[in-house]
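Structure first, then comments.
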Amino acid sequence: MRQAGPLSVLITGGTGYIGAHVAVELARHGHDVVLYDNLSNSNADAVDAIRRVGADSVVHHHADVLDGATLGRVMRMHRIDTVVHCAGLKSVNESVSHPALYYRQNVQGALTLVDAMKDADVQRIVFSSSATVYGLATSVPIAEDALLKPVNPYGRTKQIIEQILQDVCDAEPGWQAVALRYFNPAGAHPSGLLGEAPTGVPNNLFPVAGEVASGVRNSLSLFGNDYPTPDGSCVRDYVHIMDLARAHRLALESRSGAPGFMAVNLGTGVGYSVLEVIAAYRRASGARIPVEIAPRRPGDIATLFADPTRAERLWGWRARHGLDEMCQDAWRWIARDDAAGEHSHGS
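Note that the working numbering has the sequence shown beginning at 58, numbered continuously upward.
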């Protein structure tokens with residue numbers, strides 16, 4: 058059970074796509090928010106954007122999670138009582154090419170954070186995990202007790218960090234860790250001021266569709282159109298970033314959570330095919346979004362979506378926003394930034 062009143066929350070990776078939206082959600086509900094980010098996949102303009110959408114009291118520290126001394130100093134300075142750990146590298150493809158980089162940044166970063174939390178006497182953490190921990194799931198919907206068998210280094214780092222947190226909770230009375238297993242976050246803040254702007258070349262469906270719709274690239278590659286699904290394209294569970302941010306707040310505010318480790322899926326429980334997403338993005342943007350059929354990608358499976366009942370049972374959380382809203386909000390963010398001439402933040 059947490060204490061009553063506002064929380065003092067440190068968000069690692071707080072200027073990135075997920076961290077920024079969580080920061081806004083928490084600050085607008087009266088919590089004190091401290092952002093901690095090395096800006097490797099975002100930039101400082103994100104802090105201004107977070108403040109403009111109503112979280113004007115947030116504080117930002119430009120530092121790396123591998124810097125344990127600074128982490129501890131920041132936690133003590135702001136009397137942090139809860140951490141939301143969003144920092145980390147997150148490209149599946151890059152993790153396959155550079156596994157050591159991913160284990161160093163993600164796993165060592167988490168270990169450094171845990172040590173700093175111990176030094177600062179902080180015992181509560183919400184961790185940004187991922188449905189990639191399930192690997193090639195053989196049945197859907199996927200519940201939290203499904204076999205964990207990630208198939209790439211990125212997913213393995215998430216599983217390892219979950220195990221670390223579980224072991225720490227077992228060894229340290231009073232520790233509480235919640236691993237939120239995201240399915241496919243999508244969309245943007247409805248203001249159009251915050252959204253997903255990955256550095257480098259994006260490979261997730263929503264930012265790629267946005268680039269095609271805005272003319273940055275000519276077409277979208279559909280990796281396989283012969284899957285055993287209604288339209289032949291892969292089916293995935295997409296969850297609006299604002300629903301995701303709300304789940305973080307509810308997890309932090311929950312008064313029923315006992316000490317220990319717990320994993321919770323964050324998805325809608327509904328699958329949409331790639332072609333359904335493209336059709337919705339066409340409706341939102343008014344753009345054609347040409348599609349080119351490409352070979353299947355190794356490791357892709359036909360259908361993957363969550364069983365989200367644990368989050369509803371624990372916190373009363375259920376996704377409120379559907380696919381059309383995800384596409385409309387994502388397009389509003391892209392169109393607004395295109396009009397301004399740049400994407401500034403929100404990786």
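Beta carbons: idealized from backbone N, C-alpha and C, even for Gly.
- Under the Cβ criterion (8 Å, minimum of three pairs), the segment 316-330 does not count as touching the segment 265-281.
- Distance from I75 to P242 at the Cβ level is roughly 6 Å; contact confirmed, criterion being Cβ atoms closer than 8 Å.
- Remark: C-beta atoms of A368 and V296 do not approach each other more closely than 8 Å.
- Counted as a single uninterrupted DSSP element, the stretch harbouring I75 is not any beta strand (DSSP E) but the alpha helix (DSSP H) occupying residues 74-85.
- Note that the C-beta distance between F362 and D294 is below 8 Å.
- With contacts defined as CB atoms closer than 8 Å, A84 and V115 qualify as a contacting pair.
- A straight-line Cα-Cα distance of about 8 Å links L301 and G324.
- If the five residues before and after R375 are omitted, its C-beta is found closer than 6 Å to the C-beta atoms of E369, all from its own chain and listed in chain order.
- Fully contained in the segment 154-222 are the following alpha helix (DSSP H) runs of length 4 or more, in chain order: 156-159, 166-176.
- Beta-bridge pairing by DSSP links H117 to L92.
- Beta-carbon to beta-carbon, I68 and L92 are separated by about 6 Å, close enough to satisfy the 8 Å threshold.
- By alpha-carbon distance to R353, the top candidate from S290, A308, E333 is S290.
- A distance of 8 Å or more separates the beta carbons of P255 and P247.
- Pairing V110 with V79 gives a Cβ-Cβ distance that is not under 8 Å.
- Fully contained in the segment 339-369 are the following beta strand (DSSP E) runs of length 3 or more, in chain order: 348-351.
- Counting only the Cα atoms, W232 lies some 8 Å from V225.
- With a beta-carbon spacing of about 5 Å, G326 and P365 fall inside the 8 Å limit used to define contacts.
- Distance from the CA of I221 to the CA of D172, rounded to the nearest whole angstrom, comes to 12 Å.
- Scanning its chain for C-beta atoms nearer than 8 Å, with the 5 sequence neighbours on each side dropped, one finds around S65 the residues H88, D89, V91, H135, R136, I137, D138, T139, in chain order.
- With 16 or more other Cβ atoms from the protein chains shown falling within 10 Å of its own Cβ, P210 counts as buried.
- The residue among A103, I107, A167, Y160 with its C-alpha nearest the C-alpha of D124 is A167.
- Under DSSP, L277 forms a beta bridge with V348.
- In the structure shown, F263 adopts helical secondary structure according to DSSP, grouped into three states.
- Between R393 and G249, the gap from beta carbon to beta carbon is short of 8 Å.
- Nearest Cα to A337 within the set A359, A270, V235, W372: A270.
- Relative to the Cα of R345, the nearest Cα in the group Y284, D227, A157, E268 belongs to E268.
- Separation of Q165 and H118 (C-alpha to C-alpha, rounded to the nearest whole angstrom) is 20 Å.
- C-alpha of E349 to C-alpha of C384: approximately 20 Å in a straight line.
- For A243, the enclosing beta strand (DSSP E) covers residues 241-243.
- Per DSSP, L67 lies in no alpha helix (DSSP H) segment; the continuous beta strand (DSSP E) that holds it begins and ends at 65-69.
- Note: G317 is bridge-paired with Q233 in the DSSP secondary-structure output.
- The C-beta distance from V131 to F184 rounds to 18 Å, too long to meet the 8 Å contact threshold.
- Of the candidates R161, G129, A245, the residue whose Cα lies closest to the Cα of D386 is A245.
- Partner residues in the beta bridge of L323, as assigned by DSSP, are Y239.
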